[in-house]
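Chemist:
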Amino acid sequence: MRRTALGITALLALTACGGGTTAAGSDRIRLAYAFVPVAGLSPYSDDAVTGYGIGATETLVKLDPAGAPQPLLAESWTQVDPLTWRFDLRDDVTFQDGTAMTADVVAAGLQHAVDADPTPRALSGVDLSVAVADEDTLTLTTAAPDPVLPQRLTSPELVVLSPGAYADPSSPDLVGTGTGPYELVSVDGTTGAELDAYAGYWGGTPAAAGVDVRFLSEGGSRTAALRADEVDVAQAVPVSQIGTLGADDELQSVPLPRTVSVHLTQTSPVFADPGLREAARQAIAGLDIAGTVYEGQADAPEGLFGPTSTWAADRQPPDHPTATAPSGQAITLATFSDRAELPEVAAAVADALRTAGFDVDLRVGLYTDMEADYLAGTYDAVLMSRSYGQDTADPLSYLSSDFGCAGGYDLSRYCDPAVDAQLAAGSPLADVDARNQVALAVERTVLGADAVVPVVHDRTRFGVSQRVAGLAADPWERSIITADTSVG
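So for the sequence shown, this note's numbering puts the first residue at 624; every next one is plus one.
(1) Where do the N-terminal and C-terminal ends of the alpha helix (DSSP H) with Pro674 fall, by residue?
(2) Could you spell out the range, first to last residue, of the beta strand (DSSP E) harbouring Ala754?
(3) Answer with buried or exposed for Ala671, where buried requires no fewer than 16 other C-beta atoms within 10 angstroms of its C-beta.
(4) Measuring alpha carbon to alpha carbon, tell me which residue in Ala963, Arg904 and Asp937 is nearest Gly1071.
(5) State the start and end residues of the unbroken alpha helix (DSSP H) segment that holds Arg850.
(6) Decide if Pro741 is buried, meaning its Cβ has at least 16 other Cβ atoms within 10 Å, or exposed.
(7) Between Arg1101 and Gly676, which are expected to be in contact by the criterion C-beta below 8 Å, what is the C-beta distance as a whole number of angstroms?
(8) Where Pro1051 and Asp704 are concerned, what is the direct C-alpha to C-alpha distance, given to the nearest angstrom?
(9) Using only alpha-carbon positions, find the residue among Met724, Asp1033 and Val716 that is nearest to Val755.
(10) Is the beta carbon of Ala923 closer than 9 Å to that of Val1076?
(11) On a CA-only basis, which of Tyr1021, Ala767, Leu879 and Ala957 is nearest Asp984? Give me that one, please.
(12) Using beta carbons (cut-off 9 Å, strictly below), is Leu1019 in contact with chain D?
(13) Quick check on Gln1013: does DSSP put it in helix, strand or coil?
(14) Please list, in chain order, all residues of the same chain as Ala1048 whose beta carbon is under 8 Å from its beta carbon, the five residues on each side excluded.
(15) Tell me whether Tyr1032 sits in a helix, a strand or coil according to DSSP, three-state version.
(16) Once the 5 residues before and after Asp669 are set aside, which same chain residues still bring their CB inside 6 Å of it?
(17) Quick one: grab the DSSP three-state call for Glu806.
(18) For Gly1049, name the three-state secondary structure that DSSP assigns.
(19) By how many angstroms is the C-alpha of Ser1008 removed from the C-alpha of Ala879?
(20) Since Leu927 and Ala1074 are thought to touch, with beta carbons under 8 Å apart, how far apart are those beta carbons, to the nearest angstrom?
(21) Anyone know if the C-beta pair for Val716 and Ala730 falls short of 9 Å?
(22) Which two residues bound the contiguous beta strand (DSSP E) that contains Phe710?
(23) Check the C-beta distance from Tyr805 over to Ala822 and give it rounded, since I have them as a contact under 8 Å.
(24) Suppose the cutoff is 7 Å on Cβ atoms and the five residues either side in sequence are ignored; what does the same chain contact list for Ser932 look like?
(25) Helix, strand or coil for Pro966? Go by DSSP, reduced to three states.
(26) On a Cα-Cα basis, can you pick out the residue from Ile954, Val860, Gly843 and Asp855 that is closest to Asp982?
(27) Using only alpha-carbon positions, find the residue among Pro792, Ala745, Glu817 and Glu853 that is nearest to Tyr1021.
(28) Per DSSP, what kind of secondary structure is Tyr656 in: helix, strand or coil?
(29) For a test of the three-state rule: what should DSSP assign to Ser699, helix, strand or coil?
(30) Counting along the chain, where does the beta strand (DSSP E) carrying Thr1068 start and finish?
(31) Going by C-alpha to C-alpha distance, which of Ala691, Leu683, Asp687 and Ala689 sits closest to Glu698?
(32) Taking DSSP as the reference, what is the three-state secondary structure of Val972?
(33) Between the Cα of Leu776 and those of Leu797, Gly826, Asp757 and Pro694, spot the shortest distance and give me the residue it belongs to.
(34) Which term fits Gln939, buried or exposed, when burial requires 16 or more other beta carbons within 10 angstroms of its beta carbon?
(35) At which residue ranges does the segment 893 to 919 contain complete alpha helix (DSSP H) runs of 4 or more residues, listed in the order of the chain?
(36) What is the C-beta distance between Ala1053 and Leu686, in whole angstroms, given that I count them as a contact (C-beta under 8 Å)?
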């Protein structure tokens, strides 16, 4: 087994430009995917990144490894004025059902996303209007200046689909309706999916005949399938399984803009008290999760933004409230088992909280079963693994979604009008450095309120057969299989 640690420079070379039982040696890629679908692969759910990652769907714009927007289905764009953007579409794109991609079709799809409930995280806080300028041109207008609108359009929540996808507008169907190199042919519930190469793909003939996906939420099962040569790629190899990879497999490890944190629910009867939140923070901050649970295959917490965000290195430390000594307050701490390390992290956190004086009930389940309760504030604390770059690669957009009063993913149930004012003031800024400074100021406030306690910055770890070439090593955790991915 070879280990490959990939930095941003290497990503440029490895990232592509543009679950069945298949036998080894075929020209179909066999992928063990770590996350079970929660909503039939609807892009208006956490399944959005799945359809994108397996090569079925695409967006108007994509991100390069540095997080800058690049053309994809839109070949160019122009900011006409502070509120208006014009996007010119490629004129050689067809959907997998044979329908041509036109501005009318794209506009209708974007309008479905705008109207979705809940609002896609990439559009959190954005009042967006969509209009058709001509057959190949869209005009997008925002109620307030939004200099990162192109980055928003990179989100897998905003993939471009044919009209046939919207029989149920609240849950678009990806089967045969995307523009990607591989056509989704079937989805077998939460078991697997089958994709065939799309001969009409605008980016050229895909390198493989198809993709067979197996949804395996248990990390040991994914690694065992790779070791047994039942799959060619295993996503999210658990740290504990790295040493079991076969001699013909390699580990690809990429630092991510992903932070594992404990969210202290502000509406909890216990953690509504800032003194008890601070007591919990102090207990958690003493843990070395990166060195123990992750065995050095992750990075110690620096804040909400990890070491891949070099602009955050000079942050000012937050001021915390005075701790109140716990006296046996009962709390529930919840996490999910889809990411193999989280139950062990949660157990360490629970032990630390018990030592501090809390009475902790630890609950672990599948994300699909617990997401609604996370968002509803059912638990006193939630251990979450969150990519702060996956939705838009814009830190202010992430902060608005996760810590704004109207945020769509506010697991901490946090609301501070002063933070909302900071986010509103920073949102129109076009200068990247200025936006980052606002993000650091908001981070300092949120961390100072003990709304969330970072515990580790994660990396992506793929187990890959040496027969595979061209696997996307994407720091934004979107692309896995591309038109250039092949298996020999």
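Ideal placement from N, C-alpha and C gives every residue a C-beta, glycine not left out.
Modeler: Working from what's here:
(1) With the sequence shown as reference, residue 674 is identified as Gly, and Pro is not the correct amino acid for it. Looking at the DSSP string, the run of the alpha helix (DSSP H) that includes Gly674 is Ala671 to Gly676.
(2) Leu751 to Asp757
(3) buried
(4) Arg904
(5) Gly842 to Arg850
(6) exposed
(7) 6 Å
(8) 12 Å
(9) Met724
(10) no
(11) Ala957
(12) Although the question refers to chain D, the structure presented lacks it and comprises just one protein chain.
(13) coil
(14) Val1061
(15) coil
(16) Val661
(17) strand
(18) helix
(19) The sequence given here has Leu at residue 879, not Ala. Cα-Cα distance, rounded: 11 Å.
(20) Not a contact, Cβ separation roughly 10 Å.
(21) no
(22) Thr707 to Leu712
(23) 11 Å between Cβ atoms; not a contact.
(24) Pro880
(25) helix
(26) Ile954
(27) Ala745
(28) strand
(29) strand
(30) Segment Val1055 to Gly1071 is the alpha helix (DSSP H) holding Thr1068; no beta strand (DSSP E) there.
(31) Leu683
(32) helix
(33) Pro694
(34) exposed
(35) 897 to 908
(36) With 8 Å as the limit, Ala1053 and Leu686 do not qualify as a contact, their Cβ atoms being about 18 Å apart.
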